[in-house]
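S.K.: Sharing a structure below in structure tokens format, with a few things to ask.
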Amino acid sequence: MALGTALVYDEEMTTYKLLWDDPECAIEVPERLSKSYERLQHYHLVERCVRLPVREASEEEITLVHSPDYLDVVKSTQTMNEEELRTTSKKYVAAYFHQNSYRCAKLSLGGTLQLVDAVLSGEVQNGMALVRPPGHHSQRDQSNGFCVFNNVAIAAKYAQKKYNLQRILIVDWDVHHGQGIQYIFEDDPSVLYFSWHRYEHKIFWPNLTESDYDCVGKGQGTGFNINLPWNKIGIGNADYIAAFLHVLLPLAFEFDPELVLVSSGYDSGIGDPEGRMNATPECFSHLTHLLTNLAGGKLCVVLEGGYHLTSLSESVCMTVRTLLGDAVPRLSGDMTPCHSALESIQNVRTAHTPYWQCLSVDETKLVQQCSTKGSSTLELPYEQQESADTARFDRLIESHMKNILSPAPPFRTSAVTPDGNTFIIPAGVHVEDQAAPREQIDAACSGISMSHLKEGHLVHSVGKMLTVINKLVKKQTKNAVVLSPSTSLSAAVALQTSLNLGIERVLYVHVGDLDSERDFENDQKTLFVKICGDQPSKVFSKYHVSLKWKDTPDESSSFFYLVLQILLPLAYSYQPDFILLSAGSNRSVGNRDILLLSNMLQVLAEGCILAIIPDTEPELAVGISSSLAGCSTAMHYGPYKCPTKECVNALKEIQRALQEDWRMLRNYAA
Ligand code: X5A
Ligand code: ZN
């Protein structure tokens, strides 16, 4: 059954601050924490989480990463006067100490470890630690960039030691390079570290050569350090999603971690004075959800930076909401990655080609990145308001959030099951028992030959499905699973009905054979994607993509590659309002792959998915309904393997042909 989401927060971590004038450090204020927490309360998210108390980290834990000498220095700041604190702070880069720094740093780390314990002991599914001081810049013997102890790096060492983990993924979406984490794990293949960061050809802090894409790790750890430098400001939603789909996630799936730690800085979000990037708060919902299919959903999100208080706190809320399994809001803005972002993506993919199978099947080359060409397609809201009033910008974010967060109705998953078969449906899923009236069924089926469907089947399955579609369109239900005697027919009826009800863009994904395949070209209201094991009869076109996909038969799957390289990019580019996912007979992908697909597709259309499953396959329906109900993140999808050259070539052809129409397919600039 569904495990909960943990939240770590303690007011005591607001009891240290900068005591003197230092413009560089002035942004790291206690309100970062208190405002975020207040916002979580405002959205009633705190009460939905499992509250974990913080604790002090032990010296043994601190020295998993830091030197005893450095620990002594930090310890000694407890009793220093302001003059001494200043002198000690000056020994480091962009650091400051207060008499309470040591105590708070111990709580910050201890709180992070509490979260790791709760997730790895199975007490909760995932969670977030709202902590300060942050950690990812701090190093073995130094404080750096407001960081005292390296919370996430120590958490990884702690998890390896206490739970004997072999593979941990660290995702650092803070806008700064977590060079501290890189230094600690650069020769270690058991920790895969991914960081994107504002770089601007090294002119941005911390101005390190080793933050560039060609720094891939050392010795045994070669290939396990992934740097994605942004050479422009104004990087936005489309760029971040492209970075996940084309860089982080394929490598992460191939790596197959047992735990995911997020160095979760929100200075990569819109309005931040440090990052000057453009990602809106709901982008963090997407990033979070996209990670939930790794490591059986064991995800620990740990706060790092984030200096625009409104942007920070809204983004924190979006992250926690998503950890709780709420629907992921639609992503705003044009889904076209900018040229500079694509250059960076191309280069990091090329730099990692020797180390990752899923990249080596693709042919990539380096591109010369110049500092002038290309810019984000989004405006720079931060720059607009820089001189003027920040209050106006705050109101802008707030009204944006109101717009995208639809008020929560009794949101649940519905199911249509054959009579007397309700026992298979997971708790919390609503079994629909109301069939639409006969006239409605007849109208919905007009033009679709239902002749070989038995009368009883028709009324039960199609009739109830129509009721469910009505509810989906009216937002009275979140998503649904239909067990059907003929998935092709049910899908055809569902498609026609949803369009009749005024849905403008339907993404229709069908896996397996389809009884009668109509032509979707020129019908811009449907993007049809069919996945089958045989060569498709029809050549693909913009709105009608049939593709052949076949794994070599064994325990592992390469389906993630198709999902990340084709299906999600198509879906993100199309921005559907409704998703139809149907499974036919003679499928070339396993049930586990369909679960991965249904889980991943939930980032689109606010999760409004109707899944149509053969009524002979109740196990699949159970899996999908629990996935749609947001309680199956505990499932482990691995092991993964690399797709065959043949599959990759077929996909590449589609990618090339359609990337002008569907921009998120693009993963290179040249
Ligand atoms: C944790 C974090 C930023 C330091 C910036 C110094 N540190 N210019 O975001
Ligand atoms: Zn940062």
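Just add 3 to the spot in the sequence shown (first one is 1) and you have our numbering.
All residues carry an ideal CB built from backbone N, CA and C; glycine is no exception.
Just so we're clear, the structure is a prediction, and the values are computed from it rather than from any experiment.
Suppose the cutoff is 7 Å on Cβ atoms and the five residues either side in sequence are ignored; what does the same chain contact list for Thr647 look like?
M.R.: Here the question's residue 647 lines up with position 644 in the sequence shown. Answer for Thr647: Thr555, listed in chain order.
S.K.: For Leu381, count neighbouring C-beta atoms within 10 Å of its own C-beta (all shown protein chains included) and say buried if the count is 16 or more, exposed if not.
M.R.: The residue labelled residue 381 in the question sits at position 378 within the sequence shown. Because the pLDDT at Leu381 is just 35, under 50, the model does not fix this residue reliably, and the value given afterwards should be weighed accordingly. Counting Cβ neighbours within 10 Å, Leu381 comes out buried, since at least 16 surround it.
S.K.: Which of the three DSSP states is assigned to Leu112 in this structure?
M.R.: What you label residue 112 is simply residue 109 of the sequence shown in a count that begins at 1. Looking at Leu112 - three-state DSSP - the assignment turns out to be helix.
S.K.: Is DSSP giving Lys205 helix, strand or coil here?
M.R.: Translated into positions along the sequence shown, residue 205 becomes position 202. Coil, per DSSP.
S.K.: Tell me, please, whether the segment 453 to 464 touches the segment 581 to 594 by the rule of three or more beta-carbon pairs shorter than 8 Å.
M.R.: Because the criterion of three Cβ pairs below 8 Å is not met, the segment 453 to 464 and the segment 581 to 594 do not touch.
S.K.: Where does Arg669 land, buried or exposed, given buried means 16+ other C-beta within 10 angstroms?
M.R.: For this step, residue 669 is matched to residue 666 along the sequence shown. So Arg669 ends up on the buried side.
S.K.: With DSSP as the reference, identify every bridge partner of Ser198, one or two as the case may be.
M.R.: Counted from its first residue, the sequence shown places residue 198 at position 195. Answer is Asp175, Asn230, bridged to Ser198.
S.K.: Report all residues from its chain with a CB closer than 6 Å to the CB of Tyr99; omit the five preceding and five following residues, and keep chain order.
M.R.: What you label residue 99 is simply residue 96 of the sequence shown in a count that begins at 1. Around Tyr99: Leu21, Cys28, Ser92.
S.K.: Exposed or buried, His3, counting other C-beta atoms within 10 Å across all chains shown (16 or more means buried)?
M.R.: No answer is possible for residue 3: the residues shown for the chain start at 4 and end at 673.
S.K.: So, with DSSP's three-state summary, where would you put Gly181?
M.R.: Here residue 181 is taken as the residue at index 178 of the sequence shown, counted from 1. Three-state DSSP puts Gly181 in coil, outside helix and strand.
S.K.: Candidates Val485, Phe256, Arg201: which alpha carbon is nearest Lys235's?
M.R.: The residue given as residue 235 occupies position 232 in the sequence shown. Among Val485, Phe256, Arg201, the Cα nearest to that of Lys235 belongs to Arg201.
S.K.: Quick one: residues in its chain with C-beta nearer than 6 Å to the C-beta of Glu524, no 5 flanking neighbours on either side, listed in chain order?
M.R.: Within the sequence shown, numbered from 1, the residue matching residue 524 stands at position 521. If we look at Glu524 and ignore the five residues flanking it on each side, its Cβ neighbours are Ser544, Tyr546, His547.
S.K.: My assumption, with CB atoms under 8 Å, is that Arg106 sits in contact with Leu36. Please give the rounded CB distance.
M.R.: Translated into positions along the sequence shown, residue 106 becomes position 103. Translated into positions along the sequence shown, residue 36 becomes position 33. Incorrect: roughly 15 Å between the Cβ atoms, too far for contact.
S.K.: Of all the alpha helix (DSSP H) runs that stay within the bounds of the segment 541 to 605, which reach a length of 4 or more residues?
M.R.: As far as the segment 541 to 605 is concerned, its whole alpha helix (DSSP H) runs of at least 4 residues are 562 to 565, 571 to 577, 594 to 604.
S.K.: Going along the chain, which residues of its own chain have a beta-carbon closer than 6 Å to the beta-carbon of Leu326, five neighbours each way excluded?
M.R.: Walking along the sequence shown from the start, residue 326 turns up at place 323. Thr8, Asn129.
S.K.: What separation, rounded to the nearest whole angstrom, lies between the Cα atoms of Leu613 and Phe563?
M.R.: The residue given as residue 613 occupies position 610 in the sequence shown. The residue given as residue 563 occupies position 560 in the sequence shown. Cα to Cα, the separation comes out at about 21 Å.
S.K.: Round the Cβ separation of Val305 and Ser267 to the nearest angstrom and send it over; I've been treating them as touching at under 8 Å.
M.R.: As a working mapping, residue 305 is identified with position 302 in the sequence shown. As a working mapping, residue 267 is identified with position 264 in the sequence shown. Going by Cβ atoms, the distance from Val305 to Ser267 rounds to 6 Å, so yes, they are a contact pair.
S.K.: Give me whichever residues DSSP pairs with Arg54 in a beta bridge.
M.R.: For the purposes of this step, residue 54 is taken as residue 51 along the sequence shown, with counting starting at 1. Note: Arg54 sits in a beta bridge opposite Leu10.
S.K.: Helix, strand or coil: how does DSSP classify Cys28 here?
M.R.: On the sequence shown, residue 28 is found 25 positions in, with the first residue counted as 1. The answer is coil: DSSP assigns Cys28 none of H, G, I, E or B.
S.K.: For Asp436, I'd like the list of residues in its chain whose CB is within less than 8 Å of its CB, leaving aside the five on either flank, ordered along the chain.
M.R.: Residue numbering aside, residue 436 sits at position 433 when the sequence shown is read from its first letter. Excluding positions up to five away in sequence, the list reads Lys467.
S.K.: Under three-state DSSP, which class holds Phe531?
M.R.: As a first step, residue 531 must be located in the sequence shown, where it is residue number 528. It is a strand residue.
S.K.: Within the continuous beta strand (DSSP E) that includes Ala632, where are the two ends?
M.R.: Along the sequence shown, read from residue 1 onward, the residue named residue 632 stands at position 629. Here Ala632 belongs to no beta strand (DSSP E), and DSSP marks it neither H nor E.
S.K.: In terms of DSSP beta bridges, what is Leu302 paired with?
M.R.: Residue numbering aside, residue 302 sits at position 299 when the sequence shown is read from its first letter. Asn129, Val263, per the DSSP bridge assignment.
S.K.: Any idea if Thr353 is buried or exposed, counting beta-carbon neighbours within 10 angstroms, 16 or more meaning buried?
M.R.: Mapped onto the sequence shown, residue 353 falls at position 350. Counting Cβ neighbours within 10 Å, Thr353 comes out buried, since at least 16 surround it.
S.K.: Mapping DSSP to helix, strand and coil, what is Ile157?
M.R.: Within the sequence shown, residue 157 is the residue found at index 154, counting from 1. Residue state, collapsed to three classes: helix.
S.K.: Which whole-angstrom value is the C-beta distance of Gln568 and Lys551, which I expect to be below 8 Å?
M.R.: Residue numbering aside, residue 568 sits at position 565 when the sequence shown is read from its first letter. Residue numbering aside, residue 551 sits at position 548 when the sequence shown is read from its first letter. Gln568 to Lys551, Cβ: 14 Å. No contact.
S.K.: In three-state terms, what does DSSP make of Ser124?
M.R.: As a position in the sequence shown, residue 124 is number 121, starting the count at 1. Coil, per DSSP.
S.K.: Taking 7 Å as the cut-off, is the CB of Pro137 close to at least one heavy atom of the ligand X5A?
M.R.: Position 134 of the sequence shown, counting from 1, holds the residue named residue 137. Yes, the beta carbon of Pro137 sits closer than 7 Å to at least one heavy atom of the ligand X5A.
S.K.: By the three-class DSSP mapping on this structure, what secondary structure does Ala97 have?
M.R.: Counting from one through the sequence shown, the residue named residue 97 turns up at place 94. Looking at Ala97 - three-state DSSP - the assignment turns out to be coil, as it is neither helix nor strand.
S.K.: Quick one: grab the DSSP three-state call for Ile238.
M.R.: Start at 1 with the first residue of the sequence shown, and residue 238 comes out as number 235. DSSP places Ile238 in coil when its eight states are reduced to three.
S.K.: Could you pull out every residue in the same chain whose Cβ sits closer than 6 Å to the Cβ of Tyr73, ignoring the five residues on either side in sequence?
M.R.: As a first step, residue 73 must be located in the sequence shown, where it is residue number 70. These residues qualify, in order along the chain: Asp144.
S.K.: Helix, strand or coil: how does DSSP classify Ile616 here?
M.R.: Sequence index remark: in the sequence shown, residue 616 carries index 613 (1-based). Looking at Ile616 - three-state DSSP - the assignment turns out to be strand.
S.K.: Does DSSP put Gly148 in a helix, in a strand, or in coil?
M.R.: Within the sequence shown, the letter at position 145 stands for residue 148. It is coil, neither helix nor strand.
S.K.: Rounded to whole angstroms, what is the Cα-Cα separation between Ile615 and Thr322?
M.R.: By one-based count along the sequence shown, residue 615 stands at place 612. By one-based count along the sequence shown, residue 322 stands at place 319. Using only the alpha carbons, I get a separation of about 30 Å.
S.K.: To the nearest angstrom, report how far apart Glu50 and Arg590 are at their CA atoms.
M.R.: Within the sequence shown, numbered from 1, the residue matching residue 50 stands at position 47. Within the sequence shown, numbered from 1, the residue matching residue 590 stands at position 587. Whole-angstrom Cα-Cα distance: 43 Å.
S.K.: For the ligand ZN, which residues have a Cβ under 6 Å from at least one heavy atom, in chain order?
M.R.: Any residue whose Cβ sits closer than 6 Å to a heavy atom of the ligand ZN makes the list: Asp177, Val178, His179, Gly268, Asp270, Glu307, Gly308.
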